[in-house]
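Enquirer:
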Amino acid sequence: MNEIPRRPLHAPQIEPFLEMLVAERGAARNTVEAYRRDLGNFAGFVQQNGGDLGSADSGHIRAYLADQEAAGMSPRTAARRLSALRQFFRFQYAEGARVDDPSAAIDSPRQTRPLPKFLAEADVDALLERAHARTGPEGLRLAALLEILYASGLRVSELVSLPVAAVRRDPRAIIVLGKGGRERLVPLNDTARRAIESYLSVRARYVKGDDDGPFLFPSRAGSGHLTRHRFGQLLKELAVEAGLDPRKVSPHVLRHAFATHLLNRGADLRSVQRMLGHADISTTQVYTHVLDDRLKSLVQEHHPLAKGRKDTD
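Residue numbers for the sequence shown, in my numbering: 1274 to 1586.
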């Protein structure tokens, strides 16, 4: 994304607003500087178009947003800058510096939820194969981590902090404590259960002293369990071994792969929602858009008419 080729303008009207942010809202220095840049950028645009910040109207704001879009600005950034303008003009109106609020009639740029990134089934198979090829306790631990993650779609924080009791009660499923303290029951497949059983035979290697500890994946970290950061590092190392781009592999991507592959094989949305621990099914529905795009791609690539072939009937 390219920034608008314009030098932000310092306008005297901006300073009282920034002082209010600090005095009344306790805004941090970085926040104040971000507002200064956004408002200065708009002031520079207005000046280049023959106006000034004090007399800017809704037409200037609309033209500014259109200019940003043409420059490749993302809807998220445009929405943030419009928010800064709204707050600035509301402040000016409340303080009597203006008789109107030109931002009141402006609609926010429509933001689309980014589609989740996920791996193809063959890529996940390659990761699992490389994990199982590793020998010793490290290999058994990594294989267990990956098998549980891909079998359950856990969040990485839920995975690394799993209590060891969760897999000792009933190996067919685990109880997970998710966001908001909500519990959910997540089934495990045979491969994951076998990986856990193999790992448990060497788990004592990671326990501190004689204390067995509460976590399935204990470590010497301050948290007492394997950290999210360390697991992410191990996963990227494994991606390199599997011939995959490590930038495209992360625990969250594997969570997305779990959901997408389930839906692709006919699972219903409600079941996937429960396993992922989503409070709202609208969060889970984003995966249906991934499948829609995939189906469109398949049609465009393989359907005879999409390739320009004529009907011979």
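Note that CB positions come from ideal geometry on N, CA and C, so glycine has one too. These numbers were taken from a predicted model, which means no experiment stands behind them.
#1: What first and last residue would you give for the beta strand (DSSP E) that runs through Glu1402?
#2: Hey, quick one: how far does the alpha helix (DSSP H) through Ile1448 stretch, first residue to last?
#3: Just confirm the distance between the C-beta atoms of Thr1557 and Leu1542, as a whole number of angstroms; I'd bet it's less than 8 Å.
#4: Enumerate, from N- to C-terminal direction, the unbroken beta strand (DSSP E) stretches of 3 or more residues contained entirely within the segment 1314-1392.
#5: Let me check understanding here. Comparing Cα to Cα, which of Leu1355, Ala1370, Ala1468 lies closest to Gly1409?
#6: So what does His1498 bridge to, in DSSP terms?
#7: Can you tell me which of Asp1380, Gly1369, Ala1339, Val1513 puts its alpha carbon nearest to the alpha carbon of Ser1356?
#8: Just reading off the beta strand (DSSP E) that Arg1457 is part of, what are its end residues?
#9: Tell me whether Pro1519 sits in a helix, a strand or coil according to DSSP, three-state version.
#10: From this set, Gln1341, Met1548, Tyr1560, Arg1310, which residue's C-alpha is nearest Glu1456's C-alpha?
#11: State the DSSP-derived secondary structure class of Pro1285, mapped to helix, strand or coil.
#12: So the alpha helix (DSSP H) Leu1427 belongs to, where does it begin and stop?
#13: Taking the alpha-carbon positions, what's the Leu1578 to Leu1511 distance?
#14: Which residues in the same chain as Arg1445 place their Cβ atom closer than 7 Å to its Cβ, once the five residues preceding and following it in sequence are excluded?
#15: Could you tell me how far apart the beta carbons of Glu1420 and Thr1464 are, in whole angstroms, since I believe they sit closer than 8 Å?
Expert: Answer, in terms of the structure:
#1: From DSSP, Glu1402 is part of no beta strand (DSSP E) but of the alpha helix (DSSP H) over 1394-1406.
#2: Segment 1446-1450 is the beta strand (DSSP E) holding Ile1448; no alpha helix (DSSP H) there.
#3: Sure, about 6 Å apart at Cβ, within 8 Å.
#4: Within the segment 1314-1392, there are no complete beta strand (DSSP E) runs of at least 3 residues.
#5: Minimum Cα distance to Gly1409 is reached at Ala1468.
#6: Answer is Pro1491.
#7: Of the listed residues, the one whose Cα sits closest to Ser1356 is Asp1380.
#8: Residues 1456-1460.
#9: In the three-state scheme derived from DSSP, where H, G and I count as helix and E and B as strand, Pro1519 is classed as helix.
#10: Ranking Gln1341, Met1548, Tyr1560, Arg1310 by Cα distance to Glu1456 puts Met1548 first.
#11: Looking at Pro1285 - three-state DSSP - the assignment turns out to be coil, as it is neither helix nor strand.
#12: Secondary structure note for Leu1427: it is in no alpha helix (DSSP H), with a DSSP letter that is neither H nor E.
#13: Note on Leu1578: pLDDT 46, under 50, position unreliable in the model; the coordinate value appears next. Per the coordinates, the alpha-carbon of Leu1578 lies some 42 Å from the alpha-carbon of Leu1511.
#14: Around Arg1445: Pro1460, Leu1461.
#15: Going by Cβ atoms, the distance from Glu1420 to Thr1464 rounds to 6 Å, so yes, they are a contact pair.
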